[in-house]
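Position one of the sequence shown corresponds to residue 1 (full-length UniProt numbering), numbered consecutively onward.
We put the beta carbon where it would ideally sit given N, CA and C, even for glycine.
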Amino acid sequence: MALGAGVFAVAFAHVHDVAHWAHQPDWAAWLIASTGELMAIVSILEIRHRSRHVPATGRRWWTMLPPVLTLIAAIGISGAANLAAATGLAANPGPWVQIMAVWPVVAFALVAFTKATRPHAPAANEPAAGTPADGSVPAAVAASGGRASLPTVTGAVPVARTGRGTGRGGQLSTSRTAKPGTKRRTDAELIAALAGVPRNADGTVPIGRMVSALSCGPDRARRLLAAQGLLRTPTVPPAAADAAAPVAA
Numbered sequence: 001m002a003l004g005a006g007v008f009a010v011a012f013a014h015v016h017d018v019a020h021w022a023h024q025p026d027w028a029a030w031l032i033a034s035t036g037e038l039m040a041i042v043s044i045l046e047i048r049h050r051s052r053h054v055p056a057t058g059r060r061w062w063t064m065l066p067p068v069l070t071l072i073a074a075i076g077i078s079g080a081a082n083l084a085a086a087t088g089l090a091a092n093p094g095p096w097v098q099i100m101a102v103w104p105v106v107a108f109a110l111v112a113f114t115k116a117t118r119p120h121a122p123a124a125n126e127p128a129a130g131t132p133a134d135g136s137v138p139a140a141v142a143a144s145g146g147r148a149s150l151p152t153v154t155g156a157v158p159v160a161r162t163g164r165g166t167g168r169g170g171q172l173s174t175s176r177t178a179k180p181g182t183k184r185r186t187d188a189e190l191i192a193a194l195a196g197v198p199r200n201a202d203g204t205v206p207i208g209r210m211v212s213a214l215s216c217g218p219d220r221a222r223r224l225l226a227a228q229g230l231l232r233t234p235t236v237p238p239a240a241a242d243a244a245a246p247v248a249a
């Protein structure tokens, strides 16, 4: 920082001397001398700002161009003034008269161009993606208290349970007879397939076993087993039979 302050001080004095030598009034010479330092400060601040806020892509080089040009112009006028002052400023100023006359306009144009091309960060109140520009909330979201409604699942069919049959057949679901994509078998096909279903010791087939093996309904299994004589009939205990018999008068 001390080095920069020293360089600025030397350049400030030399630009003032050269401007005064180029027939500029004293107040204009001081003004011209201050432009170089101000241009350098503005350029450095802009370069730092754009390096932080502009992504490191090809676009960054274009956004860096205005402040870099302004900084080069400030360094160029200061260096040229230092070289001119080293000669003693005794000769004819020559082209320095025109340079110092137009320099305030050039300095203002470069600084204005740098400020005009400064990229701006997104505004804090900019609506997010998917939100209307006026900030309104969709009616569906407002009605649900700000919570998005979940999609409803359609096509669910309640499973009916039946208490008919013996063993585990009473707990089986009738929906097993309506598997999607399967062809309903005829009674003849079920009777033919019944030959492969294991029998009990008494030669009967439980309804639940047939339902599980052949994927048919319990009512249909009962009917086919009864038609083939394979349906097990419940036995009545002797005590219950005696109780059910009529009492002779």
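Outcome for residue i when other beta-carbon atoms lying within 10 angstroms are tallied against a minimum of 16
i           : result
residue 270 : What is shown of the chain runs 1 to 249, which leaves residue 270 out entirely.
Thr57       : exposed
residue 250 : Here the chain has residues from 1 to 249 only, and residue 250 is not among them.
Arg50       : buried
His16       : buried
Phe87       : Checking the sequence shown, residue 87 turns out to be Thr, not Phe. It is exposed - the Cβ of Thr87 has fewer than 16 other Cβ atoms within 10 Å.
Trp27       : exposed
Gly79       : exposed
Gly6        : exposed
Trp62       : exposed
Glu37       : buried
Ala73       : buried
Gly217      : buried
Ala116      : exposed
Ala11       : buried
Thr35       : buried
Cβ-Cβ distance between residue i and residue j below 7 Å
i      : j      : result
Met39  : Ala107 : yes
Val42  : Val111 : yes
His20  : Ala29  : yes
Leu190 : Leu225 : no
Residues of its chain near residue i, where Cβ-Cβ distance is below 6 Å and the 5 sequence neighbours each way are ignored
i     : result
Ile44 : none
Asn82 : His14
Arg60 : Val54
8 Å CB neighbourhood of residue i in its chain, flanking five on each side removed
i      : result
Val97  : Ala22, His23
Val197 : Val205, Arg209, Met210, Ala213, Leu214
Asn200 : Pro206, Arg232
Leu71  : Met39, Ala40, Ser43, Ile44, Ile47
Leu89  : Asp17, Val18, Trp21
Asp202 : Arg232
Terminal residues of the alpha helix (DSSP H) in which residue i lies
i      : result
Asp202 : No alpha helix (DSSP H) contains Asp202, which DSSP labels as neither H nor E.
His49  : 26–53
Arg222 : 218–227
Ala192 : 187–193
Sequence-distant residues of its chain with Cβ nearer than 7 Å to residue i (five each side left out)
i      : result
Phe113 : Pro66
Ala84  : Val18, Trp96
heavy atom of the ligand GTP below 6 Å from residue i C-beta
i      : result
Glu189 : You won't find the ligand GTP in this model; it holds no ligand whatsoever.
Which ranges would you report for the beta strand (DSSP E) in the segment 57–114 if only whole runs of at least 3 residues count?
none
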